[in-house]
Amino acid sequence: MQNRMRFTAATAAAAAGIIVLAGCSSDTEEPAVPAESAASTSVLEPGEANPMIAQGVTIAGDSAVYKTSGLGPSAMNKAAPEGSPESYVDTAQFSGGVLPPGVTVTEAQGIGVLKKIRESLEAQGLTLGDVTTMRVFLDNAPGTDRADYAGWNRAYRQFFANTNLETGDTELVAMGTAEPAAPLERNEARPTRFALEVGSLPVPGWLVEVEVDAVYPAGKGPQ
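With mature numbering (1 follows the signal peptide of the UniProt record, and there is no 0) as the guide, the letters of the sequence shown map in order to residues -22 to -1, 1 to 201.
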């Protein structure tokens, strides 16, 4: 959930240590696992066809859990001043670091961070669909007095919570102010999540840092 209070980095780290969160299972090519034997089972708001996050999760006691470190964006945009937020724009997605109309730097950084999360998971035999818990730390961009939660949420929907749970259809997602289109990765997983605005992040220019927990599917474990 979003918290509008401004925290120091130390306070946010302490909060991360005491809050117990988790998320939900996702679409895979594996045969469906009966709920009673699933590694994790999400708790969702009743009556919502496309909730952003889960209310909570149950995790089987013998499930293996992988926890990433906090990951921020990579300095890919050599056209921007070193250490500026713009220098951390994902140029693999935005050629030359040029952002389309309405796409914010936080949104662009968020996309880059979630790609790095995906790479970290895949190296351990996991996918974004296995993520159960997400902790998000946001800094406000220079010249603003509040973190860009809307931009972050657009980036998040590109990789998570972008299917209709009633119909199974893919939900279209907006990038910036463009017309909604197919997400960058279809994923029905809805982790539990908090997003905090912090006083600063450890690398100058970072506006987004994310860490996740992922649960191995039933019958699988670390490679």
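Note that the Cβ used here is the ideal one computed from N, Cα and C, for glycine as well.
- Based on the DSSP secondary-structure assignment, which residues constitute the bridge partners of Val67? Partner(s): none; Val67 has no beta bridge.
- Task: Could you tell me the distance, in whole angstroms, from the CA atom of Leu185 to the CA atom of Thr84?
- Result: Rounded to the nearest angstrom, the two C-alpha atoms are 6 Å apart.
- Query: I think Gly136 touches Pro169, with their Cβ atoms under 8 Å apart; what is that distance to the nearest whole Å?
  - Reply: Per the sequence presented here, residue 136 reads as Gln, with Gly not at that position. Incorrect: roughly 14 Å between the Cβ atoms, too far for contact.
- Confirm, please, whether the CB-CB distance from Leu77 to Gly154 is below 9 Å. yes
- Item | Environment of Ser47 [buried if 16+ CB atoms lie within 10 Å] | exposed
- Message: Which residue marks the beginning of the beta strand (DSSP E) containing Leu99, and which one marks its end?
- Response: Segment 83 to 100 is the alpha helix (DSSP H) holding Leu99; no beta strand (DSSP E) there.
- Item | C-alpha distance - Ala196 paired with Leu106, whole-angstrom precision | 16 Å
- State buried or exposed for Gly199, treating a residue as buried only when at least 16 other CB atoms are found within 10 Å of its CB. exposed
- Item | Cβ separation of Ala101 and Arg132, assumed to be a contact under 8 Å, to the nearest whole Å | The Cβ separation is near 26 Å, so there is no contact.
- Message: Taking the straight line between their C-alpha atoms, what separation do you get for Gly183 and Leu174?
- Response: 17 Å
- If you compare alpha carbons, which of Gly80, Leu179, Leu104 is closest to Asp191? Leu104
- Message: Suppose you measure from the CA of Val193 to the CA of Gly50; what does that come to, to the nearest Å?
- Response: 22 Å
- Task: Within its chain, find whatever has a CB closer than 6 Å to the CB of Glu187; leave out the 5 residues flanking it on each side and keep chain order.
- Result: Gly48, Gly50, Phe115, Leu179
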